[in-house]
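To start, the structure under review is shown below, and the notes come after it.
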Amino acid sequence: MNTSFWRNSLGLEPEDDWRREWAAGILSYFASVYIVMVNAAILHDAGMPLRAGMVATLLTAITGCLLMAFGGKTPIIVVPGMGINAFFSYTLVHSMKLDWREALAVVVVTGVLFAIVAFTSLYRILSDAIPHNLQHAITVGIGLFLTFIGLQKSGIVIAHRTTFVAIGHFSDPAVITSCVTLLLALVLFVRGTRGGLLISMAVGTGLAYLLGVGHVPEKLESGNVFTGYGDVFVGMGWSSVLSLVFWIAVFLLLLIVVFENIGLIASQTLLANRPERFKSSLRALSLANIAAGLFGSSPVVAAAESNAGIAAGGRSGLTSLVTGLLFAATFLFIPLLTYVPDSAIAPILIVIGGLMVQSVREMDFNDMTEVFPSFLVMVMIPFTYSIVDGMAFGFITYPVMKLAMNRGKEVPTALYVIAGLFLANFVLHALL
13 MNTSFWRNSL
23 GLEPEDDWRR
33 EWAAGILSYF
43 ASVYIVMVNA
53 AILHDAGMPL
63 RAGMVATLLT
73 AITGCLLMAF
83 GGKTPIIVVP
93 GMGINAFFSY
103 TLVHSMKLDW
113 REALAVVVVT
123 GVLFAIVAFT
133 SLYRILSDAI
143 PHNLQHAITV
153 GIGLFLTFIG
163 LQKSGIVIAH
173 RTTFVAIGHF
183 SDPAVITSCV
193 TLLLALVLFV
203 RGTRGGLLIS
213 MAVGTGLAYL
223 LGVGHVPEKL
233 ESGNVFTGYG
243 DVFVGMGWSS
253 VLSLVFWIAV
263 FLLLLIVVFE
273 NIGLIASQTL
283 LANRPERFKS
293 SLRALSLANI
303 AAGLFGSSPV
313 VAAAESNAGI
323 AAGGRSGLTS
333 LVTGLLFAAT
343 FLFIPLLTYV
353 PDSAIAPILI
363 VIGGLMVQSV
373 REMDFNDMTE
383 VFPSFLVMVM
393 IPFTYSIVDG
403 MAFGFITYPV
413 MKLAMNRGKE
423 VPTALYVIAG
433 LFLANFVLHA
443 LL
């Protein structure tokens with residue numbers, strides 16, 4: 013194929029430099045590859061085999077990056093979303109009592125609906141229906157939730173019979189490993205070290221084995237990396253598709269996926285100086301979400317780590333293509349990745365949670381009818397250990413606060429409907 017074919021296919025402009033795009037793709041890979049281990053660990057908490065979760069994560073990331081390269085033609089990296097994977101495992105499976113296979117069916121249906129939204133003007137209607145404060149509050153709440161999960165997994169915070177939570181035992185080598193890994197991750201991050209989260213995870217893994225708290229997988233699976241993956245690939249369970257719980261799960265997951273990705277893609281296409289490719293990127297991402305459910309992963313997002321590649325000069329789909337090819341090469345290392353312990357993964361969740369909390373800066377704190385509903389979303393997500401219930405408190409309170417101030421006209425009709433659905437969900441749970 014000639015050069016012009018590839019330039020057109022990947023959206024390369026005359027001023028774009030091939031070598032710079034390759035360098036940006038490599039940087040984006042090292043900034044985001046940690047997600048393979050972290051996402052698989054969270055999927056494993058839902059009951060999915062760990063190695064199959066890694067395969068699913070990689071296939072999803074490869075497909076997402078290729079769709080973004082040739083469909084979106086932007087340097088946006090597509091990977092399973094942190095926070096959304098927590099919703100998958102800890103809300104859909106643990107709180108709403110869906111099997112992980114049924115949760116994958118929720119992901120596929122959500123992906124199809126997301127595609128309908130992305131390929132029509134519905135994404136504008138949905139985006140306008142939810143106040144910006146509530147949108148940012150969801151991101152902050154999920155960030156706090158991820159932080160809490162990371163603190164639990166690391167042993168820095170433990171259960172307590174009286175106070176519910178307490179500080180962990182710092183004589184425990186696993187806790188020491190987690191604290192050292194966390195400090196290293198923070199230092200590398202604030203210094204802007206490329207691949208800092210991956211480096212800290214590698215150091216934490218080595219330290220865990222030195223202190224004797226590393227783990228050998230209980231069952232060393234034989235065969236190639238795809239052994240056992242057949243049960244996960246297109247492994248959706250449809251037994252609950254007619255239940256109310258299933259469709260509540262779809263509705264809530266759709267809200268999270270749409271709002272988070274609209275914001276991320278808008279900012280990243282602007283940062284890459286390609287705002288005209290917003291729509292094509294959103295459409296590519298919606299198709300990647302369907303693929304995520306089919307491959308056996310939680311939904312995907314336009315990774316925040318894409319900013320690293322964009323800052324390094326990535327402007328076209330070539331950047332995401334290079335990252336996708338490197339994700340494909342990662343299959344060679346899957347057997348080694350199963351040795352990464354929770355004490356090396358948990359600190360990464362804490363750091364990512366801290367990054368998500370930065371969305372609080374985008375919120376308006378001058379209007380109390382906006383502040384209190386947003387505050388409830390932020391605190392109730394981690395305190396109820398449920399993203400759904402935390403969102404419900406804020407979405408129900410919002411129209412009530414506006415009506416109390418005779419400002420009901422400020423509430424979009426769609427938000428009244430959403431609040432009513434959340435309230436109906438509480439009532440149904442109380443009656444069942």
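Counting from 13, one number per residue, gives the positions in the sequence shown under our numbering.
All C-beta atoms in this analysis are idealised placements derived from N, C-alpha and C, irrespective of residue type, glycine included.
Computed from a prediction, not measured in an experiment: that's the story for all the values here.
- Look at residue 82 here: in three-state DSSP terms it is helix.
- The shortest CA-to-CA distance from residue 87 to any of 280, 341 and 399 is the one to 280.
- Annotated three-state conformation of residue 253 is coil, per DSSP.
- Taking C-beta separations shorter than 8 Å and ignoring five residues to either side along the sequence, the partners of residue 409 in its chain run 384, 385 and 388, following chain order.
- In the structure shown, residue 357 falls within a helical segment according to DSSP collapsed to helix, strand and coil.
- At the C-beta level, residue 120 and residue 213 stay beyond 7 Å of one another.
- Here residue 418 is exposed, its C-beta having fewer than 16 other C-beta atoms within 10 Å.
- In the structure shown, residue 58 adopts coil according to DSSP, grouped into three states.
- Boundaries cannot be given for residue 246, as no beta strand (DSSP E) includes it and DSSP labels it neither H nor E.
- With a contact defined as Cβ atoms closer than 8 Å, residue 368 and residue 158 qualify at about 7 Å.
- By the Cβ criterion, the region 52-61 is not in contact with the region 256-263, since fewer than three pairs of Cβ atoms, one from each stretch, lie closer than 8 Å.
- Taking 7 Å as the cut-off, the beta carbon of residue 320 is found closer than this to the beta carbon of residue 40.
- CA-to-CA, the gap between residue 155 and residue 377 works out to about 19 Å.
- For residue 171, the secondary structure class from DSSP, reduced to helix, strand or coil, is strand.
- For residue 124, the uninterrupted alpha helix (DSSP H) segment begins and ends at 112-130.
- For the set 240, 202 and 208, the Cα lying nearest the Cα of residue 44 is the one of 208.
- The three-state reading of DSSP puts residue 152 in helix, counting H, G and I together.
- The continuous beta strand (DSSP E) containing residue 90 extends over residues 90-92.
- Positions of the alpha helix (DSSP H) runs, each at least 4 residues long and wholly inside the region 251-304, are given as 256-283 in order along the chain.
- Contact between residue 42 and residue 194 does not hold, since the beta-carbon distance rounds to 20 Å and is not under 8 Å.
- For residue 45, the three-state secondary structure derived from DSSP is coil.
- Assigned with DSSP and collapsed to three states, residue 182 falls in coil, not helix or strand.
- Residue 176 sits in a strand when the DSSP states are folded into three classes.
- Distance from residue 22 to residue 242 at the Cβ level is roughly 33 Å; contact not present, criterion being Cβ atoms closer than 8 Å.
- The distance from the Cβ of residue 273 to that of residue 254 is about 28 Å, inconsistent with a contact at the 8 Å cut-off.
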